[in-house]
Amino acid sequence: MARDRHEARHHRSGLSGLEAMSLASARTFPRHGHDQLGLGVIVAGGHRSWSGRGPVEALAGDVITVNPGEIHDGAPVRAGMRAWRMLYVEPHLLDGLLCETVSGPVEITRPAVSDPALAAHLVRLFADLIAPTPDPLAIEETMVRTLTHLVARHGSRPVPRPGPPPFVTRALHRIEEAPERPTTLAELAGLSGVGRFQLLRGFARAVGTTPHAYLLQHRVRLARRLLGAGRSPAAAAAESGFADQSHLTRAFVRQFGVTPARTRAALA
1 MARDRHEARH HRSGLSGLEA MSLASARTFP RHGHDQLGLG VIVAGGHRSW SGRGPVEALA
61 GDVITVNPGE IHDGAPVRAG MRAWRMLYVE PHLLDGLLCE TVSGPVEITR PAVSDPALAA
121 HLVRLFADLI APTPDPLAIE ETMVRTLTHL VARHGSRPVP RPGPPPFVTR ALHRIEEAPE
181 RPTTLAELAG LSGVGRFQLL RGFARAVGTT PHAYLLQHRV RLARRLLGAG RSPAAAAAES
241 GFADQSHLTR AFVRQFGVTP ARTRAALA
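Following this line, the structure appears as structure tokens:
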């Protein structure tokens, strides 16, 4: 069926801390987050998303952004195919550049922008990263131009936002500190000092997803870090709390669009 069409490739990057993916898909991605800053260019079709910064609708030529840790989802516009190129930037790369240009932390303000110059920078950086013989100097120069333009045009000081209620924060800490450990709604509610229904409702309202979905997200992100450190998919599954490799693979593909094995090949 057309709605099941999905192609994704995780490219081996020519620079540590930068990752490149190309996707063409009719699939809908559930709410999830990334450890890195995500920057993408829509090359065909349209992309619709929910994020903490507001709703997103991006068409061909538009740039999409995801701040590290930001919960978001993704779907095609009008149930059609869309194609896009994504770059993932480790926070330490952006922080290192910001130390040279601005003082203090910066976040990207809008989840989708129409900026032809930024789109051109991203397309060039993507091409440099996946070249048959990547040139580190060319990649670094294009990266600096791209991120400097991004921050100058679309960055701002982090906007103070009200945090989740304390009882939700306690549940978040439990999940984030040990996602590989099994838990129950009763345990999380006990740690939070509220009933299970109050926790479930308050958590979803504050975070945008349920405790179980949030736990799965963090297990997948932990597995991804383990794959980048050279663990096999089977070892990453065991160490991140999945019952077996097949469970990890299903959750991983659903969240990131590619298999753990392909991700390991691109990162290791």
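Straight run, no breaks: the sequence shown in full-length UniProt numbering ends on number 268.
C-beta atoms are modelled at their ideal positions from N, C-alpha and C, and glycine is treated no differently.
Identity of the residue in V207, R262, P134 nearest P164 by Cα: The count along the sequence shown starts at 1 and reaches residue 164 at position 164. Answer by Cα proximity: V207.
Residue closest to V56, alpha-carbon to alpha-carbon, out of G230, H72, L248: Your numbering for residue 56 matches position 56 in the sequence shown. For the residues G230, H72, L248, the minimum Cα distance to V56 belongs to H72.
Look at the alpha carbon of I139 and the alpha carbon of P166, and state the distance between them as a whole number of angstroms. Residue mapping note: residue 139 aligns to position 139 of the sequence shown, counting from 1. Residue mapping note: residue 166 aligns to position 166 of the sequence shown, counting from 1. Distance between the alpha carbons of I139 and P166: 44 Å.
Buried/exposed call for G96, threshold 16 Cβ in 10 Å: Taking the sequence shown and counting its residues from 1, the one referred to as residue 96 is at position 96. For G96, the number of other beta carbons within 10 angstroms of its own is below 16, and it is reported as exposed.
Using the three-state DSSP reduction, which class does D4 fall into: helix, strand or coil? Taking the sequence shown and counting its residues from 1, one reaches residue 4 at position 4. Looking at D4 - three-state DSSP - the assignment turns out to be helix.
How many angstroms separate the CA atom of S49 from the CA atom of T142? Mapped onto the sequence shown, residue 49 falls at position 49. Mapped onto the sequence shown, residue 142 falls at position 142. Approximately 28 Å between the Cα atoms of the pair.
Cα separation between M1 and R82? Translated into positions along the sequence shown, residue 1 becomes position 1. Translated into positions along the sequence shown, residue 82 becomes position 82. Its pLDDT being 47, under 50, M1 is placed unreliably by the model, and the measurement read from it follows with that caveat. One C-alpha to the other measures close to 15 Å.
Rounded to a whole number of angstroms, what is the C-alpha to C-alpha distance between D115 and D62? As a first step, residue 115 must be located in the sequence shown, where it is residue number 115. As a first step, residue 62 must be located in the sequence shown, where it is residue number 62. Roughly 7 Å separates the two Cα atoms.
Below 6 Å CB to CB, which residues in the same chain sit around A8 once its five sequence neighbours on both sides are set aside? For the purposes of this step, residue 8 is identified with residue 8 of the sequence shown, where counting begins at 1. Here the set comprises L23, G257, V258.
Determine the DSSP secondary structure at P211, reduced to helix, strand or coil. The count along the sequence shown starts at 1 and reaches residue 211 at position 211. Correct three-state label for P211: helix.
Using the Cα positions of A251 and P30, report the straight-line distance between them to the nearest angstrom. Position 251 of the sequence shown, counting from 1, holds the residue named residue 251. Position 30 of the sequence shown, counting from 1, holds the residue named residue 30. Approximately 10 Å between the Cα atoms of the pair.
Give me the DSSP bridge partner(s) of T65. Counting from one through the sequence shown, the residue named residue 65 turns up at place 65. Looking at the DSSP assignment, T65 forms a beta bridge with L39.
Taking the continuous beta strand (DSSP E) assigned at A75, which residues delimit it? Sequence index remark: in the sequence shown, residue 75 carries index 75 (1-based). From DSSP, the beta strand (DSSP E) with A75 extends over 72 to 76.
Looking at the secondary structure, which residues open and close the alpha helix (DSSP H) in which F29 lies? Taking the first residue of the sequence shown as position 1, residue 29 is located at position 29. Run containing F29: none in the alpha helix (DSSP H); it sits in the beta strand (DSSP E), 29 to 32.
DSSP beta-bridge partners for R82? Within the sequence shown, numbered from 1, the residue matching residue 82 stands at position 82. Answer is S25.
Rounded Cβ spacing between L129 and L15 (contact assumed at less than 8 Å): Indexing the sequence shown from 1 puts residue 129 at position 129. Indexing the sequence shown from 1 puts residue 15 at position 15. Sure, about 7 Å apart at Cβ, within 8 Å.
Taking DSSP's pairing of strands, which residues face S51 in a bridge? In the sequence shown, the residue the question calls residue 51 occupies position 51. DSSP lists H72 as partners of S51.
To test your reading of the DSSP string, which unbroken alpha helix (DSSP H) runs of 4 or more residues are found completely within the segment 114 to 198? 116 to 129, 136 to 154, 166 to 177, 185 to 192
Through-space distance from P105 to T249, alpha-carbon basis: Residue 249 sits at position 249 when you count from the first residue of the sequence shown. Residue 105 sits at position 105 when you count from the first residue of the sequence shown. Rounded to the nearest whole angstrom, the CA to CA distance from T249 to P105 is 35 Å.
Let me make sure I understand the geometry here. Which of L191, P68, R12 has the alpha-carbon closest to that of P158? Position 158 of the sequence shown, counting from 1, holds the residue named residue 158. The candidate whose alpha carbon is nearest that of P158 is P68.
Out of curiosity, what's the CA-to-CA distance linking L18 and Y88? To locate residue 18, count along the sequence shown from 1; it is residue 18. To locate residue 88, count along the sequence shown from 1; it is residue 88. The straight-line gap from Cα to Cα measures roughly 6 Å.
Is V258 helix, strand or coil when you go by DSSP? Counted from its first residue, the sequence shown places residue 258 at position 258. The answer is coil: DSSP assigns V258 none of H, G, I, E or B.
Rounded to the nearest angstrom, what separates L191 and A204 at their Cα positions? If you number the sequence shown from 1, residue 191 lands on position 191. If you number the sequence shown from 1, residue 204 lands on position 204. Between L191 and A204, the C-alpha separation is close to 17 Å.
Simplified DSSP assignment, three categories, for G202: Within the sequence shown, residue 202 is the residue found at index 202, counting from 1. The answer is helix: DSSP assigns G202 an H, G or I state.
Continuous alpha helix (DSSP H) stretch holding A236: start and end: Residue numbering aside, residue 236 sits at position 236 when the sequence shown is read from its first letter. Its alpha helix (DSSP H) spans residues 233 to 239.
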